[in-house]
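Residue numbers (our numbering): 157 to 379. Have a look at the structure below, then the notes.
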């Protein structure tokens, strides 16, 4: 049953790629770009943290560069108070109609560059990318995609390095990869109260959640 499900999913991806993966007519190589859009609707907190430096480094080079981020309401708190982000676009996960609506809306901005390091593109993600109609697309392991005219094919590198290389590839130097951790007073106060209430001083925090099945903890590997 699982193999059949995997086969059907693979077939859908192949068909979707065949229909949606088209080369953008007349790519304009404007480097460094004057507007950059990041796709971060996946909701992966860890990936955001290790790549948080990109927004700061872009603005350090040129504060006039427009920085946009596609996210969802659930992970918006990671971006809402970032002073280096100019525009947020909210999409509803797994909602193809909302993806179409937002893709058409964003296309009016005519972004110079879209950066999407997602390894496996679902059909709805590919549709969103197409509808955005950016002048350039940067991807990771996208050698087989016509849409992406910029690509990083290097294997086994840290997620933060993908973003560093993406910026440098379009003429934006990265002087520091120090993380920018989002801070909100409400959560800070709640955590402080929790630690005081439970008299916790020397502690270690572990996140057992993993977006990918291979990265999740199980009873066996915890032991």
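In this text, a Cβ means the ideal position worked out from N, Cα and C, and glycines have one as well.
Classification of residue i by the beta-carbon crowding that lies within 10 angstroms, buried from 16 upward
i           : result
residue 165 : exposed
residue 192 : buried
residue 218 : exposed
residue 260 : exposed
residue 331 : exposed
residue 362 : exposed
residue 185 : exposed
residue 267 : buried
residue 223 : buried
residue 272 : buried
residue 309 : exposed
residue 358 : exposed
residue 197 : buried
residue 212 : buried
residue 295 : buried
Coarse secondary structure for residue i, derived from DSSP in three states
i           : result
residue 292 : coil
residue 172 : helix
residue 216 : helix
residue 178 : coil
residue 229 : coil
residue 222 : strand
residue 332 : coil
residue 322 : helix
residue 165 : helix
residue 341 : helix
residue 350 : helix
residue 317 : helix
Residue i CB to nearest heavy atom of the ligand FMN below 6 Å
i           : result
residue 334 : The ligand content of the structure shown is nil, which means the ligand FMN is not present either.
Whole-angstrom C-beta distance between residue j and residue i, which should lie under 8 Å
i           : j           : result
residue 257 : residue 246 : Between residue 246 and residue 257 the Cβ distance is about 11 Å, and since that is not below 8 Å, they are no contact.
residue 335 : residue 206 : 7 Å
residue 124 : residue 283 : Shown here, the chain extends from 157 to 379; a query on residue 124 therefore has no answer.
residue 176 : residue 320 : Rounded, the Cβ-Cβ distance is 29 Å, inconsistent with contact.
residue 305 : residue 169 : Residue 305 to residue 169, Cβ: 21 Å. No contact.
residue 262 : residue 241 : The Cβ separation is near 15 Å, so there is no contact.
residue 326 : residue 188 : 6 Å
residue 299 : residue 307 : 6 Å
Per DSSP, cross-strand counterpart(s) of residue i
i           : result
residue 356 : None, per the DSSP bridge assignment.
residue 308 : 296
Taking only runs that begin and end inside the segment 182-212, name each unbroken alpha helix (DSSP H) of 4 or more residues, in chain order. Taken in chain order, the complete alpha helix (DSSP H) segments of 4 residues or longer contained in the segment 182-212 are 201-206.
Ignoring anything shorter than 3 residues or poking outside the segment 238-304, list the beta strand (DSSP E) runs there in chain order. Qualifying beta strand (DSSP E) stretches, in chain order: 243-246, 269-272, 293-296.
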